[in-house]
Amino acid sequence: MRFMVIVKATPESDKEAALPDPELLLEMGKYNEELGKAGILLAAEGLQPTSKGARVKFSGKSCTVTDGPFTEAKELIAGFSILQVKSLEEAIEWVKRAPNCCPGGEGEVEVRQVFEMEDFAPLLTEEQIQHKVRARAGLPNQTANK
Amino acid sequence: MRFMVIVKGSKESEEGAPPDPQLMHDMGKFNEELIKAGVVLAMDGLHPSSKGARVKFSGKSRTVVDGPFTEAKELIAGFWLWQVKSLDEAIGWVKRSPFSSHAGDSEVEIRQVFEMEDFAPVLSEEQIEHKVSARAELVGQAKK
Chain A
-8 MRFMVIVKAT
2 PESDKEAALP
12 DPELLLEMGK
22 YNEELGKAGI
32 LLAAEGLQPT
42 SKGARVKFSG
52 KSCTVTDGPF
62 TEAKELIAGF
72 SILQVKSLEE
82 AIEWVKRAPN
92 CCPGGEGEVE
102 VRQVFEMEDF
112 APLLTEEQIQ
122 HKVRARAGLP
132 NQTANK
Chain B
20 MRFMVIVKGS
30 KESEEGAPPD
40 PQLMHDMGKF
50 NEELIKAGVV
60 LAMDGLHPSS
70 KGARVKFSGK
80 SRTVVDGPFT
90 EAKELIAGFW
100 LWQVKSLDEA
110 IGWVKRSPFS
120 SHAGDSEVEI
130 RQVFEMEDFA
140 PVLSEEQIEH
150 KVSARAELVG
160 QAKK
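So the sequence lines, in the order shown, correspond to chains A and B. Counting in our numbering, the first sequence runs from -8 upward without gaps. Counting in our numbering, the second sequence runs from 20 upward without gaps.
Set out below in structure tokens:
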């Protein structure tokens, strides 16, 4: 099963032009390498502060673009990784071993199961599912259930 | 430049009901267009938060809270990773997505992704190269 591990942002991580603390970067790097060697880590990315981002809201036929930064830290994410594990419990165990992204304070990580194309079996034909699987297989950074 | 294009959660995505077939169809066509344009690096949808959990970090302690989580606005329903020339180009593509022609409200957040070279102010050249090759190996492994 694949799980997305979502690292929530903090006011510090989202400061304009903020760069992660180098010690944290290196500690995370070591942790990710351990996961990579165990064949568990499929992808990992950090996100730049929301000052470099935007939101697009759709309401009926209208859409509104709002430039960052965004202030509600609880709604923001700072990064994510994708893990290949046997269960939610296993994903949680690995996450608990991660370095604390906010050594001085509180951090939060959300763990969510990723849809596999086969999960759409009630809605799509086998052929449609395989079409989707093939389309994804060609993508440069796509991760897939092993 | 790489961007993570985040589809925010909604009451519908959290209910776990099957997606509207027309939206699924239109999204499939949109994705094909994006892929043909060489924009898509990766994409995935997420199961409702009832199948997930949160881990709170406080110093050395870890607390686990099971889903579901109620504030749909704080949740992610799915994402793409795109390669485009600018934030404006990413916004342009998002505006053309099927969300614009379907009933109901949707929100998409566009965030630039860090490249290892962005850490040049805080890491040495060697440390950056080490991270770059670790990443390359990850991508290679993930695609096997």
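The beta carbon of each residue, even a glycine, is placed where N, CA and C say it ideally should be. This one's a predicted model, so the numbers in the text were calculated from it and none came from an experiment.
query: Express the C-alpha separation of B/Pro87 and B/Ala72 in angstroms, rounding to a whole number.; result: 8 Å
query: Can you tell me whether B/Asp63 is buried or exposed? The criterion is at least 16 other CB atoms within 10 Å of its CB, across all chains shown.; result: buried
query: Judging by CA-CA distance, which residue of B/Ile110, B/Pro37, B/Ala61 and B/Glu156 is the nearest neighbour of A/Pro113?; result: B/Pro37
query: A/Met(-5) and A/Pro90 look like a contact to me (Cβ under 8 Å); what is the Cβ gap, rounded to whole Å?; result: Actually they do not touch by this definition, with Cβ atoms about 19 Å apart.
query: Go ahead and pull the three-state DSSP assignment for A/Gln39.; result: coil
query: With A/Leu74 and B/Phe133 assumed to form a contact (beta carbons below 8 Å), what rounded beta-carbon distance in angstroms separates them?; result: Contact flag wrong, Cβ pair sits at about 19 Å.
query: Using only the alpha-carbon positions, how far apart do A/Glu3 and A/Ala9 sit?; result: 8 Å
query: Taking Cβ-Cβ distances shorter than 9 Å, what residues in chain A pair up with B/Glu126?; result: Arg46, Val47, Lys48 and Phe49
query: Can you name, in chain order, every residue of its own chain whose Cβ lies under 6 Å from the Cβ of A/Arg127, other than the five neighbours on each side?; result: Gln133
query: Between which two residues does the beta strand (DSSP E) holding B/Glu34 run?; result: Note, B/Glu34: premise wrong, no beta strand (DSSP E); alpha helix (DSSP H) at Lys30 to Glu34.
query: Assuming the contact rule is C-beta atoms closer than 8 Å, A/Ile(-3) and B/Ile129 should be a hit. Round their C-beta distance to whole Å, please.; result: About 16 Å separates the two Cβ atoms, so there is no contact after all.
query: By the three-class DSSP mapping on this structure, what secondary structure does A/Gly70 have?; result: strand
query: Identify whether B/Ser80 lies in helix, strand or coil by the three-state DSSP scheme.; result: strand
query: Between which two residues does the alpha helix (DSSP H) harbouring A/Met19 extend?; result: Pro13 to Lys28
query: Applying a beta-carbon distance threshold of less than 9 Å, which residues of chain B neighbour A/Val76?; result: Going along chain B, no residue has its Cβ under 9 Å from A/Val76, so there is no contact; the nearest lies around 13 Å.
query: Look at the Cβ atom of B/Gly97, then the Cβ atom of B/Val26, and state whether they are nearer than 7 Å.; result: yes
query: I'd like the span of the beta strand (DSSP E) that includes B/Val59, first residue to last.; result: Val59 to Gly64
query: What is the C-beta distance between B/Phe76 and A/Glu63, in whole angstroms, given that I count them as a contact (C-beta under 8 Å)?; result: With 8 Å as the limit, B/Phe76 and A/Glu63 do not qualify as a contact, their Cβ atoms being about 20 Å apart.
query: What does DSSP give as the partner residues of A/Arg103 in its beta bridges?; result: A/Met(-5)
query: Across which residues does DSSP place A/Gly51 in a beta bridge pair?; result: The partner list for A/Gly51 (beta bridge, DSSP) is empty, contrary to what the question assumes.
query: Looking at B/Met20: is its Cβ nearer than 7 Å to the Cβ of B/Leu100?; result: no
query: Closer than 8 Å by C-beta to B/Arg81: which residues in its own chain qualify, once you throw out the five before and the five after it? Chain order, please.; result: Val74 and Lys75
query: If I'm right that B/Ser32 touches A/Phe49 with Cβ under 8 Å, what's the distance once you round it to whole angstroms?; result: Not really, about 14 Å apart at Cβ, beyond 8 Å.
query: For A/Ala29 and A/Ser53, I'd like the C-alpha separation in whole angstroms.; result: 47 Å
query: The region 52 to 68 of chain A: which residues have C-beta closer than 9 Å to a C-beta of chain B, in chain order?; result: Lys52, Ser53, Cys54, Val56, Asp58, Gly59, Phe61, Glu63, Lys65, Glu66, Leu67 and Ile68
query: Going by the beta-carbon positions, is the gap between A/Arg(-7) and A/Val124 smaller than 7 Å?; result: no
query: Alpha carbon to alpha carbon, how far is A/Leu79 from A/Glu107?; result: 15 Å
query: According to DSSP, which residues form a beta bridge with B/Phe126?; result: Reading off the sequence shown, one finds Glu at residue 126 of chain B, where the question assumed Phe. According to DSSP, which records beta bridges pairwise, B/Glu126 is partnered with A/Lys48.
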